[in-house]
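Report on one structure; see the data block that follows.
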Amino acid sequence: MWLLNHTSARKFEIPMLKQAGIDEIYLPKIVPSSFMYRSASVDYSEDKNLSIPEEDLKKLNEFDWYEGITPEAIELANKYFQMAFFIATPAMTTMLARYFKGAIILRAYGLDRDNTYHNVMSHVTDGDSEKLIKSMGNRFWFGQVFQNLAEVEPWYIKNRRLFLPLGTFKQIEEGKWRGSDKTIFFVCPDIQLNEYYKKTYEDFKTTFRNLPYKIGGIQPMMPPMDANVLGFVSREQHERNMREMRVMYYHSTEPRHLHYHPVEAIQAGMPLVYMGGGVLDDMAGEILPGRCETPKDARQKITKVLNDDWRLIEAIKESQPKILNAIDHERCADAWRKSIEMVRESLSEKIPERPQIIRKKIHRVAVILPHGYRGGTLRAAKLAATAIFQGSRNARQNIEVVFAHLDHDDLYSSADFADLPSEIKLRSFRWKMLDSKASKRAMTYSGRDEASIIDMPHFVIDDGICNLTDCDAWIFISDRVPGVILPLRNYYCIVYDYIQRYENNVPLHWDDIFIGMVNRAKRVMVTTKFTERDAIQYAGVPKEKIVLLPNLMSIKKNLSRDIIKTMESTPYFLWITNSAPHKNHKNAIAALLKYYDILKGKLECHIIGVDSQKIICSTLDHLKNINSMINGSQRASRNIKWMGELPEDDYENELSGASFLWHPARIDNGTYSVVEAASVGVPSLASDYPPMREIEEQCAIGMKWMNAEDPDDMAKKLKWMEENHQTQKNHLPSFENLMKNSAEHHAAAYWEVIEDTLLL
Numbered sequence: 193m194w195l196l197n198h199t200s201a202r203k204f205e206i207p208m209l210k211q212a213g214i215d216e217i218y219l220p221k222i223v224p225s226s227f228m229y230r231s232a233s234v235d236y237s238e239d240k241n242l243s244i245p246e247e248d249l250k251k252l253n254e255f256d257w258y259e260g261i262t263p264e265a266i267e268l269a270n271k272y273f274q275m276a277f278f279i280a281t282p283a284m285t286t287m288l289a290r291y292f293k294g295a296i297i298l299r300a301y302g303l304d305r306d307n308t309y310h311n312v313m314s315h316v317t318d319g320d321s322e323k324l325i326k327s328m329g330n331r332f333w334f335g336q337v338f339q340n341l342a343e344v345e346p347w348y349i350k351n352r353r354l355f356l357p358l359g360t361f362k363q364i365e366e367g368k369w370r371g372s373d374k375t376i377f378f379v380c381p382d383i384q385l386n387e388y389y390k391k392t393y394e395d396f397k398t399t400f401r402n403l404p405y406k407i408g409g410i411q412p413m414m415p416p417m418d419a420n421v422l423g424f425v426s427r428e429q430h431e432r433n434m435r436e437m438r439v440m441y442y443h444s445t446e447p448r449h450l451h452y453h454p455v456e457a458i459q460a461g462m463p464l465v466y467m468g469g470g471v472l473d474d475m476a477g478e479i480l481p482g483r484c485e486t487p488k489d490a491r492q493k494i495t496k497v498l499n500d501d502w503r504l505i506e507a508i509k510e511s512q513p514k515i516l517n518a519i520d521h522e523r524c525a526d527a528w529r530k531s532i533e534m535v536r537e538s539l540s541e542k543i544p545e546r547p548q549i550i551r552k553k554i555h556r557v558a559v560i561l562p563h564g565y566r567g568g569t570l571r572a573a574k575l576a577a578t579a580i581f582q583g584s585r586n587a588r589q590n591i592e593v594v595f596a597h598l599d600h601d602d603l604y605s606s607a608d609f610a611d612l613p614s615e616i617k618l619r620s621f622r623w624k625m626l627d628s629k630a631s632k633r634a635m636t637y638s639g640r641d642e643a644s645i646i647d648m649p650h651f652v653i654d655d656g657i658c659n660l661t662d663c664d665a666w667i668f669i670s671d672r673v674p675g676v677i678l679p680l681r682n683y684y685c686i687v688y689d690y691i692q693r694y695e696n697n698v699p700l701h702w703d704d705i706f707i708g709m710v711n712r713a714k715r716v717m718v719t720t721k722f723t724e725r726d727a728i729q730y731a732g733v734p735k736e737k738i739v740l741l742p743n744l745m746s747i748k749k750n751l752s753r754d755i756i757k758t759m760e761s762t763p764y765f766l767w768i769t770n771s772a773p774h775k776n777h778k779n780a781i782a783a784l785l786k787y788y789d790i791l792k793g794k795l796e797c798h799i800i801g802v803d804s805q806k807i808i809c810s811t812l813d814h815l816k817n818i819n820s821m822i823n824g825s826q827r828a829s830r831n832i833k834w835m836g837e838l839p840e841d842d843y844e845n846e847l848s849g850a851s852f853l854w855h856p857a858r859i860d861n862g863t864y865s866v867v868e869a870a871s872v873g874v875p876s877l878a879s880d881y882p883p884m885r886e887i888e889e890q891c892a893i894g895m896k897w898m899n900a901e902d903p904d905d906m907a908k909k910l911k912w913m914e915e916n917h918q919t920q921k922n923h924l925p926s927f928e929n930l931m932k933n934s935a936e937h938h939a940a941a942y943w944e945v946i947e948d949t950l951l952l
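In structure tokens, the structure reads:
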């Protein structure tokens, strides 16, 4: 399997593999849309050579090998292939390393002088590159295009090196280049999006100021005020540029990376003026006329070329084929044959069968509540911890789940965690900030790669014991952290919503912290398609990192369905809220005023929730005038009851006694209270927005809908529920069906995410 799509590399490497004796080669058919894959294309030509059933080949072609490798894809790969060439992307690297049974060859085309493949692999594996590569044993190979790439790598990469040189079949096209356009051709893509290329572009313009030039290379965003930047051009136009422009300039002095366009220029017969000190020096083997020591030297030579110094032009053209000789396919073929033979020999060695899934025995998993949450988020965190614990037990994995929460006596009491399984251990913590040096030391002491973190202060979880490093994995419930987290362990995030995308309630610098948190996570778990889309579009989380899990619901088991069906509802409906802007207080109060004063509503409105009793006296902008609005109506003042946050038993009694539950919020991840209400026989009236629709789709609780932006509609629906809530109870699902949404029922899904992403 050659799991790359680079057009120029494919033209050379597929024939090289065939010369080395590999007859069947699979090429991927889906390319990520990112501009990073600007040189990629899809090729079906090798499919006809595969002795694979048509049905399985069709499946292989439908897989996204870069971002969405599935267990079925790996199963087919193991069935038909013995080698996989790959580039370092998170999903491809991790899935091939863990589950592919054959040889895995990292295709290394070179990096800038300040970077290494150790750093790249650490980045895509969240700091676990050494552990991951060692776990592959003799299956891993470092397929370098230049023999000096491994020199700067650690031993665990250096010892697995293969020489698979860069090469070309194409020779110089005699008589093609004319050079009639006295212009410098310079290739520099991604000018606006890549700092390296931006500086390269600016340096080029400084060096060749007042000389005519054209800039080639794909530009996702065109630089302003420069008509000489061509952007995307057709292949025909690119070849015409090579043929007609007078000279190409190549800037790079990198010792371990070469772009393809200077090779193209030589093949086209175009004079190449290049900076010395880079790969071209090694390929040439001597100082050629087109080589330059300094930018000043380059300007002088190019000026002569533009001014018709044909003696210099011919000297450059006649000497530069020596560069092509170094990468001629006949010179490269022997190295390819020897390297592929080494891989084959390693595959023929008798080694123990690799199990389908290799995983480390997990001793502890920490579920971390990073902020002082109460209410729905606290309940969701406890349900997630319960699901992970129960899932591990069902899978017969003897693990311990630790529930970590902030150490604030006035925030939590033992009663808040009484509904957790007794086997889940509680641990309190405080956030502690370490400076850059201390952060790097802590990473080293905990066995993590310090190169995987940036040079800045980090926050650690100070639990008074060992900063939670006795746990094998961390699961953060939300991204609300005080700063950049020191990843002493692999961590995951469960994110319920991105309300800040719709409500301006998070300062920009905090939002940057939250978004950075999820992008550094090993996996991001969401519970609605709506939040999944926000995570991709707003937070920029790669799709392959995201796992969509079912919502976990708190099903009240203390009341039997028989009792619920005969229970007489008391004359009130229940509104569960807090002071957050998305709760839509002003529209809700406006609707209540219309309900009582115009529609003569008869039911009381009981308002409960974290700090809900403070809403009426709040000075927050979105809560101002709430008190005066209510005081302007005698009926509303008499019927609206502010009850604050209730203990769990009182909450259950209040919920089960309501005629219906009212949820007037504008946007969030949906409220699980509607399911809790259904479990005690209480119907719900809710705002109509996507996550609530997803809850209805999952749980089928027969909610009545209203428009949260229209107080008139909200009031009318309140009146309708007053008159029809008894009938609405008939649409509630059975208790047995509701239990299908419990933490116990969905435990396996939550456990599998953690289980399948922990390394051996």
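Numbering (our numbering), first residue to last: 193 to 952.
C-beta atoms are modelled at their ideal positions from N, C-alpha and C, and glycine is treated no differently.
The structure displayed is predicted, hence computed values, not measured ones.
Rounded to whole angstroms, the separation of the alpha carbons of Y787 and E901 is 16 Å. The beta carbons of L853 and I768 sit closer together than 9 Å. Nearest neighbour of R299 by Cα position, chosen from P742, K293, R290, M284, turns out to be M284. For E868, the enclosing alpha helix (DSSP H) begins and ends at 865–871.
Note on F361: under 16 other CB atoms within 10 angstroms of its CB, so exposed under the neighbour-count rule.
The segment 842–900 contains, as complete beta strand (DSSP E) runs of 3+ residues, the segments 853–855, 876–879, 896–898 (chain order).
The beta-carbon separation of D318 and P679, rounded to 7 Å, stays under the 8 Å limit for a contact. Within the segment 316–349, the complete beta strand (DSSP E) segments at least 3 residues long are 332–336, listed from N- to C-terminus.
Secondary structure within the segment 696–776: the beta strand (DSSP E) runs of 3 or more consecutive residues, fully enclosed, are 715–718, 738–740, 764–768 (chain order). Between the alpha carbons of N823 and N817 lies a distance of about 10 Å. Rounded to whole angstroms, L219 and G213 show a C-alpha spacing of 17 Å.
In the displayed model, T578 falls within a helix according to three-state DSSP.
Straight-line measurement puts the Cα of Y730 at about 26 Å from the Cα of G567. DSSP places F204 outside any beta strand (DSSP E); the residue lies instead in the alpha helix (DSSP H), whose first and last residues are 199–211.
In summary, L812 is exposed, with fewer than 16 beta-carbon neighbours lying within 10 Å of its beta-carbon over all protein chains present. DSSP places M931 in no alpha helix (DSSP H); its state is neither H nor E. In the three-state reduction of the DSSP assignment, K406 falls in the strand class. When the five nearest sequence neighbours on each side are left out, the beta carbons in the same chain lying within less than 8 Å of the beta carbon of K326 are those of Y348, in order along the chain. Bridge pairing for F277: W194, I297 [DSSP]. With a cutoff of 9 Å on beta-carbon distance, I669 and T578 are scored as not near each other.
V344 and N197 have their C-alpha atoms roughly 27 Å apart.
A Cβ-Cβ distance of about 20 Å is found for the pair A419 and M440, leaving them out of contact under the 8 Å criterion. Scanning the segment 462–511 from its first residue to its last, the whole alpha helix (DSSP H) runs of 4-plus residues come out as 471–476, 487–498, 502–511.
Per DSSP, reduced to three states, the secondary structure at Y684 is strand.
For G482, the closest of M475, I494, V471, E695 by C-alpha to C-alpha distance is I494. Short of 7 Å from the beta carbon of K714, and not among the five residues preceding or following it, lie these beta carbons of its own chain, in chain order: D318, N682, Y683, Y684, T949. With contacts defined as CB atoms closer than 9 Å, M208 and H451 fail to qualify as a contacting pair. By the Cβ neighbour-count rule, I807 is buried, with 16 or more other Cβ atoms within 10 Å of its own.
Per the coordinates, the alpha-carbon of K251 lies some 8 Å from the alpha-carbon of A265. Where V557 is concerned, there is no enclosing alpha helix (DSSP H), although the beta strand (DSSP E) around it starts and stops at 556–561.
Here R432 is not near G371, since their CB atoms are 9 Å or more apart. Distance check between E238 and each of C891, D215, W257, H453 places D215 closest, using alpha-carbon atoms only.
Rounded to the nearest angstrom, the gap between the Cα atoms of L561 and S810 is 27 Å. By the beta-carbon neighbour count (other beta carbons within 10 angstroms, threshold 16), S879 is buried.
Residue pairing for A596: DSSP places it in a beta bridge opposite I560, R619. Annotation for T375: the continuous beta strand (DSSP E) segment containing it runs 373–379.
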